[in-house]
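Take a look at the structure below.
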Amino acid sequence: MTTFADKTFTPPELIRNFCIIAHIDHGKSTLADRMLQLTGVLDERNYRAQYLDRMDIERERGITIKAQNVRLPWQVNGVDHVLHLIDTPGHVDFTYEVSRALEACEGAVLLVDAAQGIEAQTLANLYLALEKDLRIIPVLNKIDLPAAEPDRYAAELAHILGCEPEEVLRVSAKTGQGVRELLDVVVEQVPPPVGDSTAPLRAMIFDSVYDSYRGVVTYVRVVDGRIIPRDRIRMMSTNATHELLEVGIISPDQKPCDGLGVGEVGYLMTGVKDVRQSRVGDTITSERGGATVALPGYRTPKPMVFAGLYPVDGSDYPELRDALDKLRLNDAALSYTPETSAALGFGFRCGFLGLLHLEITRDRLEREFGLDLISTAPNVVYRVVGDDGIEQVVTNPADWPSGKIAEVYEPVVRCTIIAPSEYVGTIMELCQSRRGTLLGVDYLSASRVELRYTLPMAEIVFDFFDALKSRTRGYASMDYEEAGEQIADLVKVDILLQGEPVDAFSAIVHREAAYNYGTSMASRLRELIPRQQFEVPIQAAIGSRIIARETIRAIRKDVLAKCYGGDITRKRKLLERQKEGKKRMKTIGRVEVPQEAFVAALSTDTRK
17 MTTFADKTFT PPELIRNFCI IAHIDHGKST LADRMLQLTG VLDERNYRAQ
67 YLDRMDIERE RGITIKAQNV RLPWQVNGVD HVLHLIDTPG HVDFTYEVSR
117 ALEACEGAVL LVDAAQGIEA QTLANLYLAL EKDLRIIPVL NKIDLPAAEP
167 DRYAAELAHI LGCEPEEVLR VSAKTGQGVR ELLDVVVEQV PPPVGDSTAP
217 LRAMIFDSVY DSYRGVVTYV RVVDGRIIPR DRIRMMSTNA THELLEVGII
267 SPDQKPCDGL GVGEVGYLMT GVKDVRQSRV GDTITSERGG ATVALPGYRT
317 PKPMVFAGLY PVDGSDYPEL RDALDKLRLN DAALSYTPET SAALGFGFRC
367 GFLGLLHLEI TRDRLEREFG LDLISTAPNV VYRVVGDDGI EQVVTNPADW
417 PSGKIAEVYE PVVRCTIIAP SEYVGTIMEL CQSRRGTLLG VDYLSASRVE
467 LRYTLPMAEI VFDFFDALKS RTRGYASMDY EEAGEQIADL VKVDILLQGE
517 PVDAFSAIVH REAAYNYGTS MASRLRELIP RQQFEVPIQA AIGSRIIARE
567 TIRAIRKDVL AKCYGGDITR KRKLLERQKE GKKRMKTIGR VEVPQEAFVA
617 ALSTDTRK
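Be aware that the sequence shown starts at 17, since it is given in my numbering, and climbs by one per residue.
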């Protein structure tokens, strides 16, 4: 049994916990690579670019999806220090990962591309760090690029942070220039963690992952007390108790150690296979003489976009449920509830933070768990008030109330767009076409402008970002945050096949966009659904009013092929019999919609 006397814990005053925050593609993961190499935890033999991006999907797309932590040794003036670095994502859909990383840190390196300057997500992440009262270290990256303008953007950064331009560090994560000086500044400026090593154990779970061989691996930051192997611990939210089989650090891969002290970050293994027993944000304490007051935890991320996920093969439903349970452990922003569809069978209604989050989740389920999935058209959460005053929250078009509706409330977001000033008119035109309301315009410099809009969430989640990028030649950047709700004139458009509604194709849209949605979906289905033995009408309807129609013509078999001449009544009798058969088939027949038609119809935005 390991005792405290056997283990020399790192004194908190020698520990520095910090993260790297920035906009997408400003060089966070590359800077982390240089730090891993400089500190000696990663040798040349094992090196690969974006080392901390562990998932295949991250490496393929070139983006960080999961925040990753790593322990680095660093010496300043002959004194050995321990640095805990957390590399964070940059995309707005993964802001919750950034906010969780900030909770485990005392400092943040704010990274800005010296060729592109401050972008929307730079400001969003900066405000998150300031809210947590973190020490901000401003850094300009990519100073080796020919297009870099370090003096100009250092002045911009200094203006926002209220510091001098000379205080902004200049590095090149690609060549390693200035990275050594940055690590020295981290040690000098980031305050050490504060905690009581003699108090009862309190450790915060900031991430978890499911390992098929070793069960649930829990990542923690120790706030008070100490963790040593073979101790018995208790989860404060569920009161579940476990024995610690292994305690370790990540440097840069998992390495077992003799224990973790105040301010240290590491992982725990208990051999538990039940994924629900390790909840992100929970507090771990000792089973005996443990703490009574839990740590504040994290604010639960609120889903902004909902979509149905269904297995192509209905028998895969249990596998999908288990896969979602395991993925939820690693992705706290994912929420799901079971649902059924007449067209697609059994599946789950899942909540996401945005379209990229939806896309990544579906991709991970298919890759990591070998599933073949269909996702329905995404939609946001609406609050519907009926004539009788009863309120209903609608996350699925199938749940839209059939009675008279008094008011419909839709979520809105506060959107910040930063772009070159010559694109102001184009951006305003786009935002107004999406029912946006201008809140203000600020010029960050003579050539860069910040526009603030209130926009309906439903207008943002489809193709708004693509349209913004194409209209500004890729120069605009965008960030958004929740901003309450507003009354809107929304209707549910049903798609009917032979008079029967197909719930998978239903959508909630603004009344002005209903006709476009109905006609485009009807014409698309006419191309995708194969011809039947009988005529099939495809209709779009708002309530009982039909707003669009397409018809799939019947396949007509040549019943006269074997009639060579002869009496005309014989031919008429055959044609009449065929007509009767088709009429009977139409009343009892069911339109066969192939799975490919669902995938094709739901894969892209039907308003284009």
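Just so it is clear, CB atoms sit at the ideal spot from N, CA and C, and this is done for glycine as well.
Taking a contact to mean a Cβ-Cβ separation below 8 Å, would you say residue i touches residue j in this structure?
i           : j           : result
residue 98  : residue 26  : yes
residue 264 : residue 235 : no
residue 453 : residue 470 : yes
residue 256 : residue 238 : no
residue 127 : residue 36  : yes
residue 322 : residue 394 : yes
residue 330 : residue 216 : no
residue 140 : residue 169 : no
residue 92  : residue 203 : yes
How many Å lie between residue i and residue j at the Cα?
i           : j           : result
residue 186 : residue 493 : 23 Å
residue 399 : residue 419 : 15 Å
residue 75  : residue 562 : Here residue 75 scores only 48 on pLDDT, less than 50, and its place in the model is too uncertain to base an answer on.
residue 412 : residue 209 : 45 Å
residue 123 : residue 443 : 35 Å
residue 457 : residue 436 : 12 Å
residue 378 : residue 360 : 16 Å
residue 628 : residue 526 : With the chain represented from 17 up to 624, any question about residue 628 goes unanswered, as that position is not in the structure.
residue 319 : residue 366 : 9 Å
residue 55  : residue 152 : 22 Å
residue 472 : residue 551 : 40 Å
residue 463 : residue 177 : 20 Å
residue 45  : residue 173 : 21 Å
residue 241 : residue 280 : 11 Å
residue 392 : residue 34  : 40 Å
residue 303 : residue 248 : 6 Å
residue 499 : residue 327 : 34 Å
residue 503 : residue 103 : 40 Å
residue 445 : residue 438 : 13 Å
residue 154 : residue 297 : 29 Å
residue 31  : residue 119 : 16 Å
residue 428 : residue 286 : 43 Å
residue 441 : residue 481 : 17 Å
residue 424 : residue 252 : 40 Å
residue 258 : residue 559 : 55 Å
residue 245 : residue 288 : 15 Å
residue 383 : residue 233 : 20 Å
residue 49  : residue 43  : 10 Å
residue 193 : residue 47  : 10 Å
residue 90  : residue 267 : 13 Å
How would you label residue i, buried or exposed, when you count the other beta carbons within 10 angstroms and need 16 or more for buried?
i           : result
residue 29  : exposed
residue 496 : buried
residue 585 : exposed
residue 334 : exposed
residue 132 : buried
residue 158 : buried
residue 87  : buried
residue 455 : exposed
residue 620 : For residue 620, the pLDDT reaches just 45, beneath the cut-off of 50, and the residue's location in the model is therefore unreliable, leaving the point undetermined.
residue 96  : exposed
What is the DSSP secondary structure of residue i, reduced to helix, strand or coil?
i           : result
residue 141 : helix
residue 162 : coil
residue 542 : helix
residue 398 : strand
residue 448 : helix
residue 255 : coil
residue 504 : coil
residue 417 : coil
residue 53  : helix
residue 271 : strand
residue 326 : strand
residue 288 : coil
residue 387 : coil
residue 527 : helix
Considering only residues of the same chain and omitting the five flanking positions on each side of residue i, which have a CB-CB separation below 6 Å?
i           : result
residue 39  : 106, 135, 137, 138
residue 357 : 519, 520
So, at 8 Å on beta carbons, what are the nonlocal neighbours of residue i in its own chain, with the 5 sequence-adjacent residues on each side left out?
i           : result
residue 554 : 511, 512, 513, 538, 541, 542, 545, 565, 566, 567, 568
residue 213 : 25, 28, 240, 241, 242, 277, 278
residue 602 : Here residue 602 scores only 42 on pLDDT, less than 50, and its place in the model should not be relied on; the value that follows carries that caveat. Correct list, in chain order: 514, 550, 551.
residue 506 : 398, 424, 426, 524, 525, 526, 527
residue 405 : 422
Within its chain, find whatever has a CB closer than 7 Å to the CB of residue i; leave out the 5 residues flanking it on each side and keep chain order.
i           : result
residue 534 : 509, 556, 563, 564
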